[in-house]
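For reference, the structure is listed below as structure tokens.
There are 2 protein chains.
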Amino acid sequence: MKDNNDMPGHLARRFQQIAVAVFLAEVGDAGFDLTPVQYAALATIKANPGLDQVTLAGLIAYDRTTITGVIDRLVQKGLAERRASSRDRRARELEITDEGRRTLRKITPAVESAQRIMLRGLSAKEGEDLMRLLHKAIAAGNELSRAPLREVQA
Amino acid sequence: MKDNNDMPGHLARRFQQIAVAVFLAEVGDAGFDLTPVQYAALATIKANPGLDQVTLAGLIAYDRTTITGVIDRLVQKGLAERRASSRDRRARELEITDEGRRTLRKITPAVESAQRIMLRGLSAKEGEDLMRLLHKAIAAGNELSRAPLREVQA
DNA sequence: GGATATTGCTCAGTATGCTGACTATCAGTA
DNA sequence: TACTGATAGTCAGCATACTGAGCAATATCC
Numbered sequence: 243m244k245d246n247n248d249m250p251g252h253l254a255r256r257f258q259q260i261a262v263a264v265f266l267a268e269v270g271d272a273g274f275d276l277t278p279v280q281y282a283a284l285a286t287i288k289a290n291p292g293l294d295q296v297t298l299a300g301l302i303a304y305d306r307t308t309i310t311g312v313i314d315r316l317v318q319k320g321l322a323e324r325r326a327s328s329r330d331r332r333a334r335e336l337e338i339t340d341e342g343r344r345t346l347r348k349i350t351p352a353v354e355s356a357q358r359i360m361l362r363g364l365s366a367k368e369g370e371d372l373m374r375l376l377h378k379a380i381a382a383g384n385e386l387s388r389a390p391l392r393e394v395q396a
Numbered sequence: 243m244k245d246n247n248d249m250p251g252h253l254a255r256r257f258q259q260i261a262v263a264v265f266l267a268e269v270g271d272a273g274f275d276l277t278p279v280q281y282a283a284l285a286t287i288k289a290n291p292g293l294d295q296v297t298l299a300g301l302i303a304y305d306r307t308t309i310t311g312v313i314d315r316l317v318q319k320g321l322a323e324r325r326a327s328s329r330d331r332r333a334r335e336l337e338i339t340d341e342g343r344r345t346l347r348k349i350t351p352a353v354e355s356a357q358r359i360m361l362r363g364l365s366a367k368e369g370e371d372l373m374r375l376l377h378k379a380i381a382a383g384n385e386l387s388r389a390p391l392r393e394v395q396a
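Residue numbers (the numbering used here), protein chains in the order written: chain A, 243 to 396; chain B, 243 to 396.
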């Protein structure tokens, strides 16, 4: 019988599990309380001021029902703001706060350190290969999850 | 600013997200209601009859608090049994049921199909490379998560 | 043998992720 | 303008994962 550990799905789960643990440890040691998911959302809000929740979800491939709670927590921590859109009364425009900007800036070294640690078993070339292969597999499977990645339309 | 999509942590999350979606779709189409996590647990119980929950958790790198619920659901579906150990009254010995065995056998094609689909963007060699690199990164990071992989001691 | 430490398991609480349903709103069309 | 369909967001419910705490039982050490 094939070992679980030889299945890509199982390896995916395990790598993700380690990645999250490393991220939380590094960021926690730096004195911040922010999850990988919250970090990605906050960084994307900063890079795309005023975007709505669906667009944000598409940019980081989160489900729209997941993003609601993530933003709730960012708002609750004072890192982001959610306000009604004037163009479309269904939509909420998202903005990063000064506090959010400060947090992002100060947290960056820990985030970068985490990315290095989760690849620490690999050489530089192997790390690049892994990222390239993951990218390729993800691109091919993008439409297979309920929350595919969506580019911003011009 | 570095794009989220260039961070190994983000790629890990996305690949895992797709892997789970593909698994559920293939297994669901085959007429079964089993998650990737439940499948791995059930297959590991079958391969190691009578093992206790902590050992099971170690073999598939699940947290001990997570495994409780997973087993609850396997038992509830009639696929596994949990009974008190005679050697150690704290421990629960796990066994697969006939129904569980039948399910595992019938579900295998769908599981294998899912593994192929999640790598469909890659050539055979690229797929092997990805698995090898994931393996290596995971081995180096094994102790960094709360739920590391543990071999069975002889 | 008895105190102490460790271990197996469970539980409460929190954070992703998903399915499916629902409301409010907008867009296109007859 | 009224109808229809699509879209933005939320909610309830379920399944991982984790933190931290606790209980019961076993192991270890003096």
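The C-beta atom is built at its ideal place from N, Cα and C for all residues, glycine as well.
Establish whether the CB of residue i and some CB of chain A are separated by less than 7 Å.
i	result
L385 (chain B)	What sits at residue 385 (chain B) in the sequence shown is Glu, not Leu. With 7 Å as the cut-off, E385 (chain B) does not count as an interface residue toward chain A.
N246 (chain B)	yes
G311 (chain B)	no
I302 (chain B)	yes
L298 (chain B)	no
L284 (chain B)	no
L375 (chain B)	yes
E268 (chain B)	no
Closer than 7 Å by beta-carbon distance: list the chain B residues that pair up with residue i, in chain order.
i	result
I380 (chain A)	L253, R256, F257 and I260
F265 (chain A)	G251
D371 (chain A)	D371 and L375
Does the beta-carbon of residue i have 16 or more other beta-carbons within 10 angstroms, so that it is buried, or is it exposed?
i	result
E268 (chain A)	buried
G300 (chain A)	buried
R255 (chain B)	buried
T307 (chain B)	exposed
A396 (chain B)	Only weak support exists for where A396 (chain B) lies, its pLDDT of 41 falling under 50; the coordinates are left without a value.
P278 (chain A)	buried
A366 (chain A)	exposed
Q295 (chain A)	buried
A379 (chain A)	buried
Q258 (chain B)	buried
P351 (chain B)	exposed
A285 (chain A)	buried
A326 (chain A)	exposed
G270 (chain B)	exposed
G369 (chain A)	buried
G397 (chain A)	Residue 397 (chain A) lies beyond the stretch modelled for chain A, which goes from 243 to 396, so this question has no answer here.
Determine the closest residue to residue i out of the options, with distance taken between C-alpha atoms.
i	options	result
E478 (chain A)	B:D305, B:A261 and B:D314	Since the first residue of chain A shown is 243 and the last is 396, residue 478 (chain A) is not available in this structure.
E337 (chain B)	B:D245, B:A356 and B:P291	B:P291
A263 (chain B)	B:V353, B:R325, B:L284 and B:T286	B:V353
A356 (chain B)	A:R388, A:G383, A:R315 and A:K348	A:G383
L409 (chain B)	A:D294, A:R315 and A:S387	There is simply no residue 409 (chain B) to check, as chain B begins at 243 and stops at 396 in what is shown.
D305 (chain A)	A:A283, A:E341, A:E368 and A:G342	A:A283
I349 (chain A)	A:M373, A:A272 and A:S328	A:A272
L346 (chain A)	A:I309, A:D275 and A:R331	A:D275
D245 (chain A)	B:P250, B:A289, B:L253 and B:G270	B:A289
L333 (chain A)	A:M249, A:D340, A:R324 and A:T339	Looking at the sequence itself, residue 333 (chain A) is Ala, so the reference to Leu does not match. Answer by Cα proximity: A:R324.
E335 (chain B)	B:I313, B:L372, B:R344 and B:I302	B:I313
M360 (chain A)	B:D371, B:G369, B:L375 and B:I359	B:L375
P390 (chain B)	B:V317, B:R315, B:L298 and B:R344	B:L298
E341 (chain B)	B:S328, B:V317, B:D330 and B:R392	B:V317
L364 (chain B)	A:L364, A:G363, A:A381 and A:R358	A:A381
Q280 (chain B)	B:P250, B:M249, B:G320 and B:H252	B:G320
I302 (chain A)	B:M249, B:R358 and B:H377	B:M249
Which chain B residues sit within Cβ distance under 8 Å of residue i?
i	result
G344 (chain A)	Correcting the residue type first, residue 344 (chain A) is Arg in the shown sequence and not Gly. Neighbours of R344 (chain A) on chain B: none; closest Cβ ~15 Å, over 8 Å.
Does chain B have any CB closer than 7 Å to the CB of residue i?
i	result
L336 (chain A)	no
G363 (chain A)	yes
E341 (chain A)	no
Q357 (chain A)	yes
E393 (chain A)	no
E215 (chain A)	Residue 215 (chain A) falls outside the range modelled here, since chain A spans only 243 to 396, and no answer is possible.
Name the chain A residues that come within less than 8 Å of residue i, Cβ to Cβ?
i	result
P278 (chain B)	G251, H252 and R255
R388 (chain B)	A263
Which residues bound the beta strand (DSSP E) around residue i?
i	result
A217 (chain A)	There is no way to answer for residue 217 (chain A), as the model of chain A reaches only from 243 to 396.
Between which two residues does the alpha helix (DSSP H) containing residue i stretch?
i	result
R334 (chain B)	Unbroken run through R334 (chain B) is the beta strand (DSSP E), R334 to I338; no alpha helix (DSSP H).
F265 (chain A)	P250 to D271
Y281 (chain A)	P278 to A289
R362 (chain A)	From DSSP, R362 (chain A) is part of no alpha helix (DSSP H); its letter is neither H nor E.
G311 (chain B)	R306 to Q318
L298 (chain A)	Q295 to I302
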